[in-house]
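These notes concern the structure reproduced below.
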Amino acid sequence: MNILVCIKRVPDVGSKFRLTDDGQAIDTTSLGFTISPHEECAVEEAISIIEKMGGNATVLTLGPADTEEQLKDSLARGMTDAILLESDQPEWDPRQTAQAIIETVKSEEAKNGPFDLLMFGSESADSGNAQIGIRVAHGLDRPIICGLKNLMVTDSGIIGKRDIPNGMEIYETTLPAVVTIKEGINLPRYPSLRGRIKAKKKEVVHFAPNQIPLQMEMIQLKHPDEQKKEVEMLGEGASAAPEVVNIFKQLKLLK
Amino acid sequence: MILAIIEHDRGLISPYSLQLLTYAHELAKGDSTNVKAVVIGNNVQVLTSELRKYSSDGIIIIEDERLENFNAEAWAGSIIQLAESKEPSIIMAAATDKGNEVLAHVGARLDLPMSAYTSAIQGGAEKKITRLRWGSSLLEETVLQGKPLLITIALNLVKAVEISGEVPIIEEFQVELSDKAFRVKLTGREEDADSGTSLTSASIVIGGGRGVGSADGFSVLEALAECIDGAVGGSRVATNNGWIPHTKQVGLTGNRIAPKLYIACGISGAVQHLVGCKGAKKIMVINNDPQAPFFTKADYGVIGDLHEILPAITQELKKNQN
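Residue numbers (my numbering), protein chains in the order written: chain A, 24 to 278; chain B, 2 to 323.
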């Protein structure tokens with residue numbers, strides 16, 4: 024099985040966003056970065072597939088040079104290869120990102136043979152555009168199943184389950200195919216120390232992607248209006264329990 | 002013309018699609034255009050009796066035997082053929098998983114941009130839109146190009162409102178779908194077996210985070226939940242550590258809850274978690290760190306160790322019941 028997983032690097036935000044003065048981005052000067060959650064699960068899923076079936080699992084991302092950190096992290100978990108589409112500009116619109124991935128997949132497949140499975144997160148934690156995987160599937164003319172919480176891969180096809188209200192739907196298609204993954208499909212492993220040492224020695228392949236013209240031009244980021252809240256402190260420790268129960272009564276929560 | 006794509010499953014229309022119709026009618030009034038509700042499926046005529054309560058301008062039915070089950074690629078193919086004939090200015094859907102998926106397929110096929118989770122659309126020649134980022138904790142203002150504009154509308158922006166008066170015209174539209182549009186097949190369904198009080202419908206939800214410390218640590222949350230008929234959930238830290246299953250996660254990549262009271266225990270209050278619980282009417286925070294940012298978003302606060310406080314509350318409740 025030959026798998027490609029596309030991930031996004033997102034800031035590890037705490038309890039508040041600080042925006043840059045021009046309102047074009049989140050001020051990340053004091054923030055760390057992680058792999059966006061759905062993609063982290065896609066990485067885990069790919070590793071567990073090649074552990075069972077053998078093969079290669081390549082991780083790819085588009086972003087600044089620092090994004091190598093998330094690729095190395097993926098290699099440390101068990102991905103076999105890594106590709107960075109390096110760009111100084113952090114915000115590409117979804118069409119631009121998808122087109123850069125499509126071109127890379129085509130050139131990689133011409134060199135190394137086809138990917139059986141392309142995996143994406145169902146949407147990134149930060150911009151939440153929810154469309155890159157679908158655009159890539161169309162660009163490569165492959166079937167796509169979205170939002171998977173369960174995936175079974177055989178030599179010829181895939182069976183995937185997705186959430187619907189009060190249940191799940193089961194979908195099938197043939198390989199090669201594209202899937203988008205949702206958190207909850209698995210519990211991602213942490214990179215082992217041995218994995219980290221191995222990853223250090225592995226090379227991340229850098230490409231300079233082509234950027235097609237922009238069609239979604241961001242003006243600025245903004246904080247939503249928020250109601251200010253006054254917190255009523257009910258006390259400290261176990262002695263606050265009667266006050267808490269009083270609140271339950273006030274809110275008419277007790278039968 | 003605005004085309005509003007209606008989501009439905011086995012004879013039931015998604016409540017978010019009804020919200021969408023209300024939103025679209027409001028928008029159309031300002032732009033002096035009209036709204037057509039688009040229903041794609043097999044034997045979907047029956048849905049029009051419900052839909053006509055929310056649409057005054059018209060309903061378009063697209064039927065094909067092969068559309069018995071949801072199929073994003075075939076839905077997109079149908080919408081594209083309809084759009085070629087009707088030349089709408091906007092195609093919109095509710096920003097559900099399937100709504101986003103179908104419009105992304107349309108965008109990919111037509112090589113047009115698509116704005117997901119849109120919360121505001123301004124008039125004018127160049128469409129300035131506002132969309133939600135980080136599950137609504139941040140807003141993005143963007144100029145969206147495209148003819149038609151492809152937009153999914155954030156959920157719960159408006160309440161669905163019935164329209165009285167005019168009876169909408171119901172029109173059937175024929176599409177030609179290739180076999181390729183059906184290369185992904187829905188082959189089955191599973192119903193949830195979960196019998197406990199559901200996180201998304203409970204009046205009281207008790208959530209646990211890093212401060213709970215272990216899977217066993219959740220027993221004090223469970224004990225209180227049982228006593229007040231509540232549901233137990235947790236932050237991403239709790240689900241990523243395997244203390245509780247992912248289905249119990251409250252947050253950006255988990256459940257959005259709207260209980261009367263949310264009791265957050267040992268949770269610091271990261272934005273990804275707040276997104277999941279901002280629908281709660283009241284929030285009570287229990288944390289041993291008085292500086293925990295969550296206190297600034299709370300209605301009630303208790304400082305201290307949740308492992309002592311929760312059993313004390315449970316005991317107090319039992320005392321009251323006797």
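The beta carbon of each residue, even a glycine, is placed where N, CA and C say it ideally should be.
Applying a beta-carbon distance threshold of less than 8 Å, which residues of chain B neighbour A/Lys39? As a first step, residue 39 of chain A must be located in the first sequence, where it is residue number 16. Simply Val272, Pro294.
Starting from A/Thr203, follow the beta strand (DSSP E) in both directions and report where the run begins and ends. The sequence position of residue 203 of chain A within the first sequence is 180, counting from 1. It spans 200-204 - the beta strand (DSSP E) in which A/Thr203 sits, taken as one unbroken run.
Determine, for B/Asp123, whether the minimum Cβ-Cβ distance to residues of chain A falls below 8 Å. As a first step, residue 123 of chain B is located in the second sequence; it is residue number 122 there, counting from the start. The identity of residue 123 of chain B in the sequence shown is Gln, whereas the question assumes Asp. Not closer than 8 Å to any Cβ of chain A, the Cβ of B/Gln123 fails to qualify, so no.
Quick one: which chain A residues come within Cβ less than 7 Å of B/Met115? The count along the second sequence starts at 1 and reaches residue 115 of chain B at position 114. What B/Met115 touches in chain A: Gln154.
Validate contact between the region 79-95 of chain A and the region 51-69 of chain A using beta carbons, cut 8 Å, 3 pairs: yes
With a threshold of 8 Å on Cβ separation, who are the neighbours of B/Ala299 within its own chain once the five nearest residues in sequence on each side are excluded? Stepping through the second sequence from its first residue, residue 299 of chain B is reached at position 298. Cβ neighbours of B/Ala299 beyond the five flanking positions: Ala265, Ile284, Met285, Val286.
In DSSP terms, what A/Asn25 is bridged to: Start at 1 with the first residue of the first sequence, and residue 25 of chain A comes out as number 2. Paired residue(s): A/Asn79.
Does at least one heavy atom of the ligand NAP sit under 7 Å from the Cβ of B/Val107? Absence of the ligand NAP is noted for the structure shown, with no ligands found whatsoever.
So, is the C-beta of B/Trp135 closer than 8 Å to a C-beta in chain A? Numbered from 1 along the second sequence, position 134 holds the residue referred to as residue 135 of chain B. Yes - at least one Cβ of chain A is within 8 Å of the one on B/Trp135.
Amino acids of chain B, ordered along the chain, whose beta-carbon sits closer than 7 Å to that of A/Lys245: Taking the first sequence and counting its residues from 1, one reaches residue 245 of chain A at position 222. In chain order: Leu140, Glu142.
Listed by chain order, chain B residues near A/Ser150 by CB distance under 8 Å: Sequence index remark: in the first sequence, residue 150 of chain A carries index 127 (1-based). Within 8 Å Cβ-Cβ: Arg134, Glu141.
Please state whether DSSP places B/Ala299 in a helix, a strand or coil. Along the second sequence, read from residue 1 onward, the residue named residue 299 of chain B stands at position 298. DSSP places B/Ala299 in coil when its eight states are reduced to three.
Check the Cβ of B/Arg257 against every Cβ in chain A and list those closer than 9 Å, keeping chain order. Taking the first residue of the second sequence as position 1, residue 257 of chain B is located at position 256. The contacting residues do not exist; B/Arg257 stays about 13 Å from chain A at best.
Roughly how far, in whole angstroms, is the beta-carbon of B/Val221 from the beta-carbon of B/Pro312, given that I think they are within contact range, below 8 Å? Residue 221 of chain B sits at position 220 when you count from the first residue of the second sequence. Residue 312 of chain B sits at position 311 when you count from the first residue of the second sequence. Rounded, the Cβ-Cβ distance is 6 Å, consistent with contact.
Minimum Cβ-Cβ distance from B/Thr1 to chain A less than 8 Å: Since the displayed chain B opens at 2 and closes at 323, residue 1 of chain B lies outside it and no answer follows.
Give the DSSP-derived three-state secondary structure of B/Glu69 in the structure shown. As a first step, residue 69 of chain B is located in the second sequence; it is residue number 68 there, counting from the start. Here B/Glu69 sits in coil by DSSP.
Cβ-based neighbour list, B/Ile81, same chain, cut-off 7 Å, excluding 5 preceding and 5 following: Taking the first residue of the second sequence as position 1, residue 81 of chain B is located at position 80. Correct list, in chain order: Val107, Arg110, Leu111.
Of all the options B/Ala38, B/Gly42, B/Gly243, B/Asp65, which has the alpha carbon lying nearest to the alpha carbon of B/Ser57? For the purposes of this step, residue 57 of chain B is identified with residue 56 of the second sequence, where counting begins at 1. Among B/Ala38, B/Gly42, B/Gly243, B/Asp65, the Cα nearest to that of B/Ser57 is on B/Ala38.
Could you give the first and the last residue of the continuous alpha helix (DSSP H) run that contains B/Tyr24? Taking the first residue of the second sequence as 1, we reach residue 24 of chain B at position 23. Where B/Tyr24 is concerned, the enclosing alpha helix (DSSP H) stretches over 16-31.
Counting C-beta neighbours from all protein chains within 10 Å, is the total for A/Pro236 16 or more, i.e. buried, or is it exposed? Here residue 236 of chain A refers to the residue found at position 213 of the first sequence. A/Pro236 should be labelled exposed.
The beta strand (DSSP E) with A/Ile157 in it runs from where to where? Mapped onto the first sequence, residue 157 of chain A falls at position 134. No beta strand (DSSP E) contains A/Ile157, which is instead part of the alpha helix (DSSP H) from 155-162.
Closer than 6 Å by C-beta to B/Ala224: which residues in its own chain qualify, once you throw out the five before and the five after it? Chain order, please. For the purposes of this step, residue 224 of chain B is taken as the residue at position 223 of the second sequence. Only Thr315 meet the Cβ criterion.
CA-to-CA distance, B/Leu133 to B/Asn157, given in whole angstroms: Against the second sequence, residue 157 of chain B aligns to sequence position 156. Against the second sequence, residue 133 of chain B aligns to sequence position 132. When rounded, the distance between both Cα atoms is 13 Å.
If contact means a Cβ-Cβ distance below 7 Å, which residues of the region 158-186 of chain B contact chain D? Note that chain D does not occur in the displayed structure, where the protein chains are A and B.
Let me see if you follow: with CB-CB separation under 8 Å, is B/Arg53 close to chain A or not? The residue given as residue 53 of chain B occupies position 52 in the second sequence. Output row for B/Arg53: interface = no.
Test: A/Gly342 CB closer than 8 Å to a CB of chain B: The question about residue 342 of chain A has no answer, for chain A in this structure spans 24 to 278.
Who are the neighbours of B/Glu192 on chain A, taking C-beta pairs under 7 Å? Working through the second sequence from its first residue, we reach residue 192 of chain B at position 191. What B/Glu192 touches in chain A: Asn189, Gly190.
To the nearest angstrom, how far is it from the Cα of B/Asn256 to the Cα of A/Lys134? Taking the second sequence and counting its residues from 1, one reaches residue 256 of chain B at position 255. Taking the first sequence and counting its residues from 1, one reaches residue 134 of chain A at position 111. Going by the C-alpha atoms only, they are around 43 Å apart.
Euclidean distance between Cα positions of A/Glu317 and B/Ile122: Here chain A has residues from 24 to 278 only, and residue 317 of chain A is not among them.
Out of A/Gly183, A/Leu85, A/Leu244, state which residue places its alpha-carbon closest to the alpha-carbon of A/Asn233. For the purposes of this step, residue 233 of chain A is identified with residue 210 of the first sequence, where counting begins at 1. Measuring from the Cα of A/Asn233, the nearest candidate turns out to be A/Leu85.
Is A/Ala88 buried or exposed, if buried means 16 or more other CB atoms sit within 10 Å of its CB? The count along the first sequence starts at 1 and reaches residue 88 of chain A at position 65. A/Ala88 should be labelled exposed.
Under a Cβ-count criterion, where at least 16 other Cβ atoms within 10 Å of its own Cβ denotes burial, should B/Arg11 be classed as buried or exposed? Residue 11 of chain B sits at position 10 when you count from the first residue of the second sequence. So B/Arg11 counts as exposed.
Using the Cα positions of A/Phe23 and B/Thr201, report the straight-line distance between them to the nearest angstrom. Lying before the first or after the last residue shown, residue 23 of chain A is absent from chain A, which here runs from 24 to 278.
Alpha-carbon to alpha-carbon, B/Glu227 and A/Leu98: As a working mapping, residue 98 of chain A is identified with position 75 in the first sequence. As a working mapping, residue 227 of chain B is identified with position 226 in the second sequence. Going from the Cα of A/Leu98 to the Cα of B/Glu227 covers about 44 Å.
Among A/Val66, A/Asp35, A/Asp45, A/Ile58, the one whose alpha carbon lies nearest that of A/Thr51: Here the question's residue 51 of chain A lines up with position 28 in the first sequence. Comparing Cα positions, the closest option is A/Asp35.
Beta-bridge pairing of A/Phe56 - partner residues as DSSP gives them: Taking the first residue of the first sequence as 1, we reach residue 56 of chain A at position 33. Note: A/Phe56 sits in a beta bridge opposite A/Pro34.
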